[in-house]
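**Q** So the protein sequences, as listed, match chains A and B.
Mind the numbering: the first sequence is residues 1 to 574 in the numbering used here, read in order.
Mind the numbering: the second sequence is residues 1 to 440 in the numbering used here, read in order.
No residue lacks a Cβ here, since even glycine has one placed at the ideal position from N, Cα and C.
Since we're looking at a predicted model, the values are computed, not measured.
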Amino acid sequence: MERQLVNVQTFTVFAQDPSVKIAGRPVMATLSVPAEHISNGPTGYRVKVVDFDATSGKFYPPINYVMDSTGKVVDPFTTPRGDATSAKWKKYFETIIGSPAFHAQNVYAISMRTLARFEYALGRRISWGFNGHQLHIAPHAFSQANAFYSRADRALLFGYFRPRPGSKPVFACLSHDVVAHETTHAVLDGLRQRFMEPSGPDQAGFHEGFADIVALLSVFALEETIAALLSDGRKLKENATLKQKDVTWDALSESTLLRLAEQMGNALSDGRMRALRNSVLIKPSKSLLQQDAYLEAHSRGEILVAAFMRSFLSIWVKRIEQLSVQEGNLRSLDLVVEQGARVAEHLLTMAIRALDYSPPVDISFADYLAALLTADTELVPDDSRFEYRKTLVEVFRSFGIEPPAGKTTSNGVWNYFEAQTTHARNHYESMLHDPEEVFRFIWENRKTFELDDRGYTEVESVRASRRVGPDGFILRETIVEYIQIASVWSGELKTRFDIDVPKEIPNTAKVRMFGGGTLVFDEYGKVKFHIAKPLGDVPRQSEKVQHLAKTGFYSNPTEELEPFAALHRARMGG
Amino acid sequence: MAEKPTKATIFTYQVGFGDCFLLRFDYASKQRHVLIDFGTTKLPEGASKNHMIDVANDIGEKCGGRLDAVVATHRHADHISGFATNAAGNASGDIIRGLKPKLVVQPWTENPKLATDSTGPAATRSPALRGYLQSLGFMHSIASELTQMLDSPSAKTFTPALREQLGFLGEDNLSNASAVKNLMTMAKNKYVFHGSPSGLDALLPGVKVSVLGPPTLKQTDTISAQRSKDKDEFWNLARLCLAQDAGLSAGVDDLFPHSPGIPGRKAPLDARWLAERLKNMRTEQMLQLVRILDKQMNNTSIILLIEAGSKKLLFPGDAQLENWQYTLNQPKWLKALIDVDVYKVGHHGSTNATPKSLWNNFENRGKPSKKDRLQTVMSTLPGKHGSEDRGTEVPRIPLVKALKSQSTLYATTDLGVNDRYTQLDLKFVETTRTARFPKK
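1. Can you tell me which of L337/B, N323/B, I292/B and V417/B puts its alpha carbon nearest to the alpha carbon of I306/B?
2. Measuring straight from C-alpha to C-alpha, what distance separates F315/B and R151/A?
3. One question on the structure: do R425/A and E444/A come within less than 7 Å of each other, judged by their Cβ atoms?
4. Residues of chain A with CB closer than 9 Å to the CB of P263/B, please, in chain order.
5. Check the Cβ-Cβ distances between F362/B and every residue of chain A, and say whether any is below 7 Å.
6. With the cut-off set at 7 Å, would you say V336/A and L242/A are in Cβ contact?
7. Taking the continuous alpha helix (DSSP H) assigned at A204/A, which residues delimit it?
8. Between the region 144 to 160 of chain A and chain B, which residues of the former have CB atoms less than 9 Å from a CB of the latter, in chain order?
9. Looking at the C-beta of F168/B, does it have a partner C-beta in chain A at a distance below 7 Å?
10. Just mark P215/B as buried or exposed, buried being the case when its beta carbon has 16 or more other beta carbons within 10 Å.
11. Enumerate in chain order the residues of its own chain whose CB-to-CB distance from K550/A is below 8 Å, with the five nearest sequence positions on each side excluded.
12. Does any CB atom of chain B fall closer than 7 Å to the CB of D17/A?
13. Specify, as a first and last residue, the run of the alpha helix (DSSP H) that A121/A falls within.
14. Please classify G406/A as buried or exposed, where buried requires at least 16 neighbouring CB atoms within 10 angstroms.
15. Establish whether the CB of F256/B and some CB of chain A are separated by less than 7 Å.
16. When you compare only the Cα positions, how much space is there between A221/A and A35/A?
17. Which residues share a DSSP beta bridge with Y191/B?
18. Please tell me whether P42/A has its Cβ less than 7 Å away from any Cβ of chain B.
19. Would a check of beta-carbon distances place H136/A closer than 7 Å to chain B?
20. Which class does H346/A belong to by DSSP, given the choice of helix, strand or coil?
21. Would you mind working out which of V345/B, R420/B, F428/B and V429/B sits nearest I53/B, comparing C-alpha positions?
22. Interface residues of chain A around S454/B at Cβ under 9 Å?
23. Whose C-beta lies closer than 7 Å to the C-beta of P101/B among residues of the same chain, with five residues either side of it excluded?
24. I need the straight-line Cα distance from S56/A to K279/B, nearest angstrom please.
25. Quick one: which chain A residues come within Cβ less than 8 Å of K30/B?
26. So what's E307/B in DSSP terms, helix, strand or just coil?
27. Is any beta-carbon of chain A found at less than 7 Å from that of F277/B?
28. Considering only their Cβ atoms, is the gap separating L403/B from P355/B smaller than 7 Å?
29. Using the C-alpha atoms, what's the distance from K332/B back to D94/B?
30. Compute the Euclidean distance between the alpha carbons of Q375/B and P539/A, then round it to the nearest angstrom.
31. Could you please give the first and the last residue of the uninterrupted alpha helix (DSSP H) stretch that includes P34/A?
32. Can you tell which of L372/A, E208/A and S542/A has the C-alpha that lies nearest to the C-alpha of E296/A?
33. Taking just the CA atoms, how far does L203/B sit from D341/B?
34. Check the C-beta distance from P534/A over to E450/A and give it rounded, since I have them as a contact under 8 Å.
35. Three-state secondary structure (DSSP) at M186/B?
36. Look at the Cβ atom of I479/A, then the Cβ atom of R463/A, and state whether they are nearer than 7 Å.
Here it is in structure tokens:
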């Protein structure tokens, strides 16, 4: 019989991690990922699992899948039937935790799922931040309480450790949120490679915060997780219901966000646990971002996470309010769970789509808010039903984050680009994909785009984006990133850029200044948005130099070769 | 009128990569001697195997058989290895012990009581303190695991340069049990921190000794917004991982008893690119961990400001920026440090131990013609530590250049193979400079 091609295949993974036990056992989930002819590893068209352990020098043989008659991969780790406390389940967990092959499947499926989420939201294939198509994943790279993305090694590296001598090992690769977090770093690096450059406090905080948001929303987008959390481990009756007092903002924050945070006993999820807990416990305040305690990348990222998770709860509550009420003011648990997962999904899609409307360098939280609002307005002009955008604006404002003044409309959306550009020397078709063609366009229009003569200009990417809106129509856009770079000696900062030289900076330090912009072309090839970060923006550049000087960037010879290694080591996989 | 010294002499001994300073204070009718550090991790080329014993004997001769005090700035081998004893009782540490010092001064972190009843000067019984002390303790086990690992077959893949760096850091941090014990028992002990009495004033009449470092954890907290429990947990995990690392390399730990795996050299061809990179990364990471812990140990260094007669002498051990910060953030101390006459170059001339705000603050810096020009003493051995490419070589070339052009430098690198020490004589003039000294 001829094989049928299937679009998706499913794999069993941990919904959270082995330490998060609900109803006496860890929660498993079945993830759908794009179907493909998997090779040993698993090795697929986007990721390649290589199970080499540098500490022991051992290599664990790759998993070799078989396919069923329909061309679908057979998952060898499907969950057993029966009571979760039964001997069968006990044996099942022993098997999967002791099997490097399951670990390989866990990282493969979660990373592919994360990538697929991005591709779904952006409507195109996404490149990694390095030359090459397959991201390596080493599920047991070394014995260290760490996990990180390494651009130089084209890899996600997951460590393992024993919390106490002789105790069972903890594996970073089995934490759903850790894998999703690290994959997000890699995807984000592919979409905005300059976000890894040293910048102001927001940019480093953004990389961490965004990766946490994707990791946490991915977890909440699984109905299994929300259901398990809401039922607090009790066995669910059919047609279970929730009382009104159980579905208020406070009650849901307690029963989902805080409960999940409590469960994250794994030191490798420590950062996310804190972020989740703090998103409920940090009292929103407009002065938080100005405080020294929130200058460090993770703490700062937590504010972004808090803004997202609080918005998630508010919108969820709004959607629950619109559900039909059963007798006794009760609501169907199934529907409450489904609404929660939908909100998480939608916010996740918004969070990802916003990247296309973000500047290519020096992103601030304010920029990201404008990007979120623009991305969603473009596709869903009517916000009146569940008020996603209104809620986001309110919650972000409570943390002192407002869309950039002067660059956005009263709705917080980026100003439309009104100036006239010339296309006289360009070819339309090439403008859709060819960086050379687009560069010529930018160069010919450099006065209009207010390019700075002091910088070297380069088009970093030209990407097509297709999305289907709720009205069924397709929104086609071309997203272009260009950057400008200038290198100056610190001694020249005043004369060249009118920036006061911070006292912490050595005279001979080389300072790299970045500028650039994101151009969004509509389907007719007209520039819709120019989201610019001018090279000569003195207040921004000055703030950045002051911040980097204060945090020792210019004075300490850097010994750290992997930027995320140090950041995550200090936070243990944060 | 109280007794005052009339002059002082600093003997900077040639110990290769290490520190050993003998301070002599001359009074009208007596001399007093303080030994600051006595250790090495690498003797200079051509040194005899009895070098440290010869130095110890020379110290004995200089002080007429009686030392008044010993200061061990911190626990690194290049500062205390000379205090090690042996069963025969004829090691360099035995000789120093025989000089019957009246006092041994060490940083508060060395107080053996801290570990058991936590009566430290910092936040008593706090998890932060526990974590910190543990981390210092871990350094020894990490160092020992590291040196063991360097001898194991798994270290074959390391580049010679990495091996050397790891080996050096490892050896410097190895627990020197006999030296530590000797320091603990050879005399009365005084454990000091920023602002605490040094215990030296009573032994050195007319000399004022201020302890500027190390700060206690509580003091550090006031300047560091970043200090958090994360770090303490991090030490714990880092240590465990390295221990496991060493264990795994030796094949004693089985991560997956039912899936033993195959030797990396037999890995499929398509896995080898990443495997190779991971091996290199692991070494780098280990080096970074060890560097972090090494720095932490350096930052337990005692910083002493000695005011004798008309001179101010500054001895900061290996203190790095984090240790210095507490002092440098206080205007009264910055002011007190302006007119330092003799500066012992921190951490053998490394890039991170002479903070700019300290160096630029010395007003006696200047051309050779400058009156009362700053004098500096430095004990070091080039080519042992760091790399020029990364700007981490010790001694750091730009720093040495600045020391030579703006101060009169007495460095052990200028000594010949047979020279034992460089001598700096300080004559006191009858002016007191206490006006510049802050009131306590």
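**A** Quick answer:
1. Cα-wise, what sits closest to I306/B is L337/B.
2. Rounded to the nearest whole angstrom, the CA to CA distance from F315/B to R151/A is 44 Å.
3. Result yes, Cβ atoms of R425/A and E444/A sit closer than 7 Å.
4. Chain A residues near P263/B: G57, K58 and F59.
5. At least 7 Å separates the CB of F362/B from every CB of chain A.
6. Between V336/A and L242/A, the C-beta spacing is below 7 Å.
7. Run containing A204/A: P201 to F220, per the alpha helix (DSSP H) assignment.
8. Among the residues of the region 144 to 160 of chain A, those with a Cβ less than 9 Å away from any Cβ of chain B are Q144, A145, N146, S150, A152, D153, R154, A155, L157, G159 and Y160, in the order of the chain.
9. For F168/B, the answer is no, since every Cβ of chain A falls outside 7 Å of its Cβ.
10. Around the beta carbon of P215/B, a 10 Å sphere encloses 16 or more other beta carbons of the protein chains shown; the residue is thus reported as buried.
11. Around K550/A: P502 and E504.
12. Chain B, which has no Cβ nearer than 7 Å to the Cβ of D17/A, makes this no.
13. In the DSSP assignment, A121/A falls within the unbroken alpha helix (DSSP H) covering P100 to L122.
14. Per the 10 Å Cβ criterion, exposed.
15. For F256/B, a Cβ of chain A is located within less than 7 Å of the residue's own Cβ.
16. Distance from the CA atom of A221/A to the CA atom of A35/A, rounded to whole angstroms, is 21 Å.
17. Checking the DSSP bridge columns, you'll see Y191/B partnered with Q106/B.
18. Proximity of P42/A to chain B, defined by a Cβ-Cβ separation below 7 Å, is not satisfied.
19. Residue-level contact by beta carbon holds for H136/A and chain B, with a gap shorter than 7 Å.
20. Looking at H346/A - three-state DSSP - the assignment turns out to be helix.
21. With distances taken between CA atoms, I53/B lies nearest to R420/B out of V345/B, R420/B, F428/B and V429/B.
22. No information on residue 454/B is available, as it lies outside the stretch 1 to 440 that chain B covers here.
23. Apart from the 5 residues on each side of it in sequence, P101/B sits with its Cβ closer than 7 Å to the Cβ of L67, D68, A69, V70, M186 and A187 in its chain, given in chain order.
24. In a straight line, the C-alpha of S56/A is about 10 Å away from that of K279/B.
25. Residues of chain A whose Cβ lies closer than 8 Å to the Cβ of K30/B do not exist, since the nearest Cβ in that chain is about 46 Å away.
26. Shown here, E307/B sits in a strand according to DSSP, grouped into three states.
27. According to the sequence provided, residue 277/B is Arg. The question's Phe does not apply to it. Yes, R277/B counts as interfacial toward chain A.
28. No, they are not a contact pair.
29. Taking the straight line from one Cα to the other gives about 41 Å.
30. Near 44 Å, if we compare the C-alpha coordinates of P539/A and Q375/B.
31. It is not in any alpha helix (DSSP H) - P34/A instead sits in the beta strand (DSSP E) that spans M28 to P34.
32. Residue E208/A holds the alpha-carbon nearest to the alpha-carbon of E296/A among L372/A, E208/A and S542/A.
33. Using only the alpha carbons, I get a separation of about 22 Å.
34. Between P534/A and E450/A the beta-carbon gap is near 6 Å, inside 8 Å, which marks them as a contact.
35. Collapsing the DSSP output to three states places M186/B in coil.
36. A contact, by the Cβ cut-off of 7 Å.
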